[in-house]
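Residue numbers (my numbering): 1338 to 1572. Ideal Cβ placement from N, Cα and C applies to all residues, glycine included. Just so we're clear, the structure is a prediction, and the values are computed from it rather than from any experiment. Written out below as structure tokens is the structure these notes cover.
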Ligand SMILES: [Zn+2]
Ligand SMILES: [Zn+2]
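Right, dumping it as structure tokens:
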């Protein structure tokens, strides 16, 4: 190979190469470099069978009637690499990151929801203002990719997000009230059967609860949730 050719090849590969979502090392393909991938913490041990959180952080009691059957997450949020993945997904809609998270989520679906026959997969929606500003809705990207992997039909969410309140700065009560006011059913919004509800992170579970309640109101028989990661929940 002549030098000119190989130099331009290197430049090309560097310009268009993927960088690790966590340490920015060039990976060429995939969302993470090999060493960051090893640091990922899978949410597999001592997990609550209902809210899917590590058992010491179970939110089931505090949430009360939750409207969804169960929630699962392949990752725990308090991990540098997981936070970086979620950040890249939310801020950029990064495809490699979306695919990486969905592969983990799909594996989790196959182990935890293997006996359930789903009619639809849908997402926890963002506000339209946010969607317009960013140009994408990260939970929609996850739901679409999960639909492609699993063959479960995607259905646009019959729910609309209306409130711009930043939930992450609120305490648990405010968060619950806010989640209740933040989501409404679209006019004529309907759905049926077993629904898989998708979001990026489960924090207190109040968002999933509000959306599951509305999905059931819209006609869903049962709602099962999956999020890419799960965080501390109530402190
Ligand atoms: Zn890395
Ligand atoms: Zn629980």
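Under 8 Å by Cβ, that's how I've got residue i and residue j pegged, so tell me the actual separation to the nearest angstrom.
{"i": "residue 1548", "j": "residue 1496", "result": "6 Å"}
{"i": "residue 1407", "j": "residue 1561", "result": "6 Å"}
{"i": "residue 1435", "j": "residue 1482", "result": "6 Å"}
{"i": "residue 1519", "j": "residue 1412", "result": "Not quite, the Cβ-Cβ distance comes to about 24 Å (not below 8 Å), so this is no contact."}
{"i": "residue 1463", "j": "residue 1429", "result": "Residue 1463 to residue 1429, Cβ: 14 Å. No contact."}
{"i": "residue 1461", "j": "residue 1476", "result": "5 Å"}
{"i": "residue 1484", "j": "residue 1458", "result": "5 Å"}
Buried or exposed: where does residue i fall if 16 or more other Cβ atoms within 10 Å of its Cβ makes it buried?
{"i": "residue 1402", "result": "exposed"}
{"i": "residue 1447", "result": "exposed"}
{"i": "residue 1366", "result": "exposed"}
{"i": "residue 1382", "result": "exposed"}
{"i": "residue 1550", "result": "buried"}
{"i": "residue 1418", "result": "buried"}
{"i": "residue 1390", "result": "buried"}
{"i": "residue 1568", "result": "buried"}
{"i": "residue 1396", "result": "buried"}
{"i": "residue 1563", "result": "buried"}
{"i": "residue 1392", "result": "exposed"}
{"i": "residue 1363", "result": "exposed"}
For residue i versus residue j, is the C-beta spacing smaller than 8 Å?
{"i": "residue 1405", "j": "residue 1545", "result": "yes"}
{"i": "residue 1358", "j": "residue 1425", "result": "yes"}
{"i": "residue 1554", "j": "residue 1522", "result": "yes"}
{"i": "residue 1445", "j": "residue 1537", "result": "no"}
{"i": "residue 1379", "j": "residue 1438", "result": "no"}
{"i": "residue 1355", "j": "residue 1433", "result": "yes"}
For ligand 2, residues whose Cβ lies under 5 Å from any non-hydrogen atom: Selection output, chain order preserved: 1385, 1387, 1388, 1395 and 1397.
Chain-ordered list of residues that sit, by beta carbon, closer than 5 Å to a heavy atom of ligand 1: This selection yields 1357, 1359, 1360, 1362, 1370 and 1373.
Touching by the beta-carbon criterion (3+ pairs, under 8 Å), the stretch 1366 to 1386 and the stretch 1526 to 1539: Counting Cβ pairs under 8 Å, fewer than three are found: no touch.
Three or more C-beta pairs below 8 Å linking the stretch 1464 to 1483 and the stretch 1538 to 1554: By the criterion of at least three beta-carbon pairs nearer than 8 Å, the stretch 1464 to 1483 is not in contact with the stretch 1538 to 1554.
The stretch 1378 to 1392 in contact with the stretch 1407 to 1416 per 3-pair CB rule at 8 Å: Contact between the stretch 1378 to 1392 and the stretch 1407 to 1416 is present, because at least three Cβ pairs lie under 8 Å.
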